[in-house]
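Have a look at the structure below, then the notes.
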Amino acid sequence: MSILIKNGTVITLGKNNRVLKNHSVLIENGRILMIAPSKKLMGRYTTVIDAENKVVMPGFINNHMHFYSTMVRGLGKAKPSKDFNEVLKNLWWRLDKKLSLKDVYYSAIVMMINAIKHGTTTLIDHHASPFAISGSLFEIAKAATIAGLRVSCCYEVSDRDGKKVRDEGIRENEEFIRWSKKENSEYIKAMFGLHASFTLNDDTLEKVSDTGNSLGAGFHIHCAEAISDEMDSLKRFGMRVVERLNKFGILNDKSILAHCVHIDKKEMDIIARRGSYVAHNPQSNLNNAVGIADVVGMSKKGIKVLLGTDAMTVNMPEELRVALWTQHLRQNNPSAGFMEVARTLLFNNPEFASEHFGVRLGEISEGAVADIVLIDYIPPTEFNENTVLGHIIYGISEEVVDTTIVGGRVLMKNKKLNLDIDEEEIYRKSRELSKKLWERF
Ligand SMILES: [Zn+2]
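With my numbering as the guide, the letters of the sequence shown map in order to residues 108 to 548.
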C-alpha cells in the first residue's frame, strides 16, 4: 500500500530542518520511503493526495493531556474558586470522582476526533477517575486504537481518596505498563502516573518508585504547578518539591514533570542532572492564575522543555503561540525566548515521543513514521528555512488542517474524517453521558 503526497511545500523539521517547495512524499508500509521533487515521483500509487497550496509537515505531539476533562465543558455548577487548590476541590476532584468507564471512553474518543482535526497525532495522557479505575487506561487505549492515534496512558496515583483507591491506581498503572510492554505496539505506550507531591505521602512515593522503576517506566506527575505545592512540601517535609521527588527516585530520564512554574534554580539543576523532561502548559497556567514557567531559564540549564495543553485544547500551534507571548511577559522582554519556545513543540516533543514510542517521530525524513499533516497555507512573505518557524507561530497556527495521516493511515482527508466510526452518534452519546454526569456532580 503506497501513498503519494504530491506538489506540496514540505517542512521537514528534524535535525536538518528544510523547506522543500513543490516536493512529493512517498509513503509505504507506514513509513516515509522517499522525498523528492514532484516531477521525479510520477509512478502509480494506491492513493495520491494533492498538496498544492498546502504545507506538508509532521503531525503535532501533545505531551501533557487529560482526556477525562472533556465533559466539563460548559459546566457552571462549580462555585467560584479563589486559588488553584480551590479549583481542584470545587471542580476537578468533584468531577473525576463521578466518572464512569463509559464516560472515560467517550471523553477520550471525542477529544481524539478533535485532535485529528487539529493535526495532533500523538498524545501523552494523564488520567484520573478514582471510582472507576480498574480498566480505565484500557478504555483510553481502545479509543486510541479506533481513532488511529499514538497515545500514551497513565493513571494519577494519589492519597486523596484513601489507601484502597491509591492501591487500585498503582495496580492500574502496573497492569497497563505490563500489557503495553507485551503488546510492544508503536501506537500505545504507558507511563507511571502520579498526581502531585501535595497529595502523595512518603510511603506512597516509596511504593510507586519501587514499582515504576522496577518496570523501567517513566513517571508523569504535576510538579510545582501552584506555589502551594512548594509550600506544602517545605512545611511537611522540609524540602522543595523537586528535592522530594528526587529523593524517592521519581526523576528518571523518561519522566515528565508537568508545569514546574514555581521551581527554583537548584531544582532546575536537579531536573537537568536527572535528564527528566518538563511539560509546559501555558494556557492552563493562565487559566488557573498560577504563574508562568521560566522556559528560558530551564532551557539554559539544559532541561528539555516539552509542550502540553493540560486539556485546554488539542490545537498545538495555538498553545505554541500562547507559549511565546507568555514567555515574553515572563522575561519582561518582547524578544526573549523565541528559539526556546519553538523548540518545545517542534523539536523536544518529537525527541521525547520518538524515544517513548520507539519510532522516529516529528520529522519528514526517509525512514521516519508517516505521521503527516497537510495544512492550507499560502505564504504571504519569503518562506524558507530561515523564516519557517516564524511562519508556523504567526501564520500556519491560524490555518486549517486539511489532511491527517498517522503511520500511513489517512485519518482525515479534505477536512473529512476517514474513520470507521459514526461521528455524530459519538457526539450525541457524549452529550447524553455528560448530562447524567452533571446531574451526579
Ligand atoms: Zn495536568
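The C-beta atom is built at its ideal place from N, Cα and C for all residues, glycine as well.
The structure displayed is predicted, hence computed values, not measured ones.
Same chain only: Cβ atoms within 6 Å of residue i, ignoring 5 sequence neighbours per side
i	result
H302	E263, S265
I231	N170, S259
G89	The structure shown does not extend to residue 89, since the chain is modelled only from 108 to 548, so the question has no answer here.
P424	S504
L322	I284
L481	A158, K161, V163, D509, T510
I110	I134, T154
T116	K128, V162
Cβ neighbours of residue i in the same chain (closer than 7 Å, five flanking residues each side left out)
i	result
K205	L544, R547, F548
L244	H234, C260, Y262, E279, F283
S316	F355, G356, I357
Beta-ladder partner(s) of residue i, from DSSP
i	result
M172	D232
Y294	Beta-bridge pairing links Y294 to no other residue.
R516	V513
S109	E135
Y534	Y534 pairs with nothing; no bridge assigned.
H74	No information on residue 74 is available, as it lies outside the stretch 108 to 548 that the chain covers here.
A365	H329, A386
A303	H329
V550	The structure shown does not extend to residue 550, since the chain is modelled only from 108 through 548, so no value can be given for it.
R257	T229
N403	Just to set this straight, residue 403 is Val in the shown sequence, not Asn. According to DSSP, which records beta bridges pairwise, V403 is partnered with nothing at all.
K408	Beta-bridge pairing links K408 to no other residue.
E489	Its beta-bridge partners do not exist; DSSP assigns none.
Helix, strand or coil at residue i [DSSP, three-state]
i	result
K146	helix
P165	strand
Y262	strand
T311	helix
N197	helix
D529	coil
Y384	strand
V272	helix
L427	helix
K523	strand
H463	helix
I482	strand
I378	helix
D336	helix
L206	coil
I370	coil
V507	coil
E447	helix
I247	helix
I156	strand
Contact set for residue i: own chain, Cβ-Cβ below 8 Å, skip 5 residues either direction
i	result
D336	A303, S304, F305, H329, C330, V348, H369
E313	F355
D376	K408
M419	N388, Q390, S391, N394, E426
N308	D266
Residue i, buried or exposed, once every other Cβ within 10 Å from all chains shown has been counted against 16
i	result
E167	Checking the displayed sequence, the identity of residue 167 turns out to be Phe instead of Glu. F167 comes out buried.
P237	buried
V507	exposed
D417	buried
P457	buried
E447	buried
T451	buried
S442	exposed
G515	buried
K523	exposed
R351	buried
Y294	buried
M172	buried
E275	buried
T229	buried
N567	Coverage of the chain is limited to positions 108 through 548, which leaves residue 567 absent and any answer about it impossible.
A254	buried
N114	buried
A365	buried
Residue i Cβ short of 7 Å to ligand 2 heavy atom set
i	result
H233	Here the bound small molecules are ligand 1; ligand 2 is not part of this structure.
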